[in-house]
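**Q**
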Amino acid sequence: MNPFPQLAEKDTRSGFGDALFKLGQTHPRVVALTADLAGSLKMDAFREAFPERFFQVGVAEANMMGIAAGLTIGGYIPFTGTFANFSTGRVYDQIRQSIAYSGKNVKICASHAGLTLGEDGATHQILEDIGLMKMLPGMTVICPADYNQTYQATLAIASWPGPVYLRFGRPKWPVFIPMDLSFQIGRVQILRPGSDVTLAATGHMVWMALQAAEILAREGIEAEVLNVHTIKPLDQETILRSVRKTGRIVTAEEHNLWGGLGESISRLLCMHHPAPQRYVAVQDQFGESGKPHELLIKYGLTAERICEESIQLLRSSQ
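Residue numbers (my numbering): 5 to 322.
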């Protein structure tokens, strides 16, 4: 049973598209590029309003990254748009050599990330992209939680210096982050205070963490929910403060266990405050074709799994 009242649902990619259109109105140096996926990335409004600032490069993602890097030299702020798999794995060499190495001000905006891409299957469901991108020196990595936050993040990165990887998704998802809640790159949001266990989540899994906290509360367990929308730079201070208070942490992400948010937090704790940690993530597997919510259940990316891991942590420390 859903413990929350019925919420509106909206896909995060629409948050990107709507904010990109807004940027077109307010930032004359913002330009947009896509590799034959303007409709899927919800970039049509920008294209229609600002055709002179829109570049359709066709199915040529590597070329798109090179063009974007070149546009920054002329003072433009390019936003590239394609699926997360094609935004990272397919063009990693171009990103490393042409964008990251020289710190080009390119905003790499990636939709259809993770298992919730759904029916397109493993070839499109990249689960390694956070790891790939966070390892690049100078790359900022952001994974917003819902439509509102994707909208906020898209606006924010236009004024953030240097290359950015913005990761969002395909399916409709509950809209639960208030639009007036302050969004700051590199700052964790504490969505629910608690004293027994920290739940640190990113992207779609933030909603699952909130549901888990509600379920745990019925068992007398107070979970603190952290929305880690920025994976790099990581808000070390807020995460450490929470774990020092609760004594334990569960991380949750729609990404491979290796290289994602959980691994970043594990390194942080190892260096500054060793504490018990459990991981809710894809366990070193590729995805498969299926309905988004069915895939989340099959791969254990659920509120119930977060509850199970939290309870196991609490039992092991008693």
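All residues carry an ideal CB built from backbone N, CA and C; glycine is no exception.
#1: Mapping DSSP to helix, strand and coil, what is Val254?
#2: What residues are listed by DSSP as bridge partners for Gln98?
#3: On the three-state DSSP scale, how would you describe Ile269?
#4: Applying the 10 Å Cβ sphere with the 16-neighbour rule, what's the burial state of Val34?
#5: So does the stretch 128–137 actually touch the stretch 92–102, counting three or more Cβ pairs closer than 8 Å?
#6: Pick from Ala64, Pro178, Asn89: whose alpha carbon is nearest that of Leu214?
#7: Can you give the beta carbon distance from Gly207 to Glu267, rounded, assuming they're within the 8 Å contact cut?
#8: Whole angstroms are fine: how far does the CA of Gly107 sit from the CA of Tyr283?
#9: Going by CA-CA distance only, name the one from Val145, Thr38, Ala285 that's closest to Gly70.
#10: Flag Pro280 as yes when its Cβ comes closer than 7 Å to any non-hydrogen atom of the ligand ADP, and as no otherwise.
#11: Report yes or no: do the stretch 266–280 and the stretch 183–198 share at least 3 C-beta pairs separated by less than 8 Å?
#12: Under 6 Å Cβ to Cβ from Gly198, same chain only, skipping five residues before and after it: list those, please.
#13: Out of Ile194, Ile146, Pro278, Leu119, state which residue places its alpha-carbon closest to the alpha-carbon of Ala217.
#14: Does the distance from the CB of Tyr169 to the CB of Gly19 come in under 8 Å?
#15: Can you name the residues that DSSP bridges to Cys113?
#16: Are Val201 and Thr234 touching if we call contact CB-CB under 8 Å?
#17: In this structure, does DSSP put Lys302 in helix, strand or coil?
#18: Where Ser293 and Gly122 are concerned, what is the direct C-alpha to C-alpha distance, given to the nearest angstrom?
#19: Using the three-state DSSP reduction, which class does Gln287 fall into: helix, strand or coil?
#20: In the DSSP assignment, what are the bridge partners of Phe59?
#21: Rounded to whole angstroms, what's the CA-CA distance from Gln29 to Pro167? Just pull it up for me.
#22: Taking all protein chains shown into account, decide if Arg309 is buried (16 or more other Cβ within 10 angstroms of its Cβ) or exposed.
#23: Does the Cβ-Cβ distance between Ser102 and Phe172 come in under 8 Å?
#24: For Arg319, which residues in the same chain have their Cβ closer than 7 Å to its Cβ, ignoring the five residues on either side in sequence?
#25: So, Ala149 versus Ile181, is the Cβ gap smaller than 8 Å?
#26: Whole angstroms are fine: how far does the CA of Asp15 sit from the CA of Pro175?
#27: By Cβ distance below 8 Å, which residues in the same chain neighbour Ile146 in space, the five residues on each side in sequence not counted?
#28: Below 8 Å on the Cβ atoms is my contact criterion, and I expect Asp40 with Gly62 to pass it. Report the Cβ-Cβ distance as a whole number of Å.
#29: Looking only at C-alpha atoms, which of Cys113, Glu312, Pro55 sits nearest to Met68?
#30: Going by DSSP, name the residue or residues bridged to Asp15.
#31: Verify whether the separation of the beta carbon atoms of Ala58 and Ala23 is less than 8 Å.
#32: According to DSSP, is His31 part of a helix, a strand, or is it coil?
**A** This is what the structure holds:
#1: strand
#2: In the DSSP output, where bridge partners are listed per residue, Gln98 has none listed.
#3: helix
#4: buried
#5: yes
#6: Pro178
#7: Actually they are not in contact, since the Cβ atoms of Gly207 and Glu267 sit about 15 Å apart, beyond 8 Å.
#8: 32 Å
#9: Thr38
#10: With respect to the ligand ADP, the structure offers nothing, as it holds no ligand at all.
#11: no
#12: Glu226, Ala227, Glu228
#13: Ile194
#14: no
#15: Gly85, Leu170
#16: no
#17: helix
#18: 6 Å
#19: coil
#20: Leu37
#21: 22 Å
#22: buried
#23: no
#24: none
#25: yes
#26: 5 Å
#27: Ala157, Ile161, Val168, Tyr169, Leu170, Arg171, Ile189, His233, Thr234, Ile235
#28: 5 Å
#29: Cys113
#30: Lys176
#31: Correcting the residue identity first, residue 58 is Phe in this sequence and not Ala. No. Outside cutoff.
#32: coil
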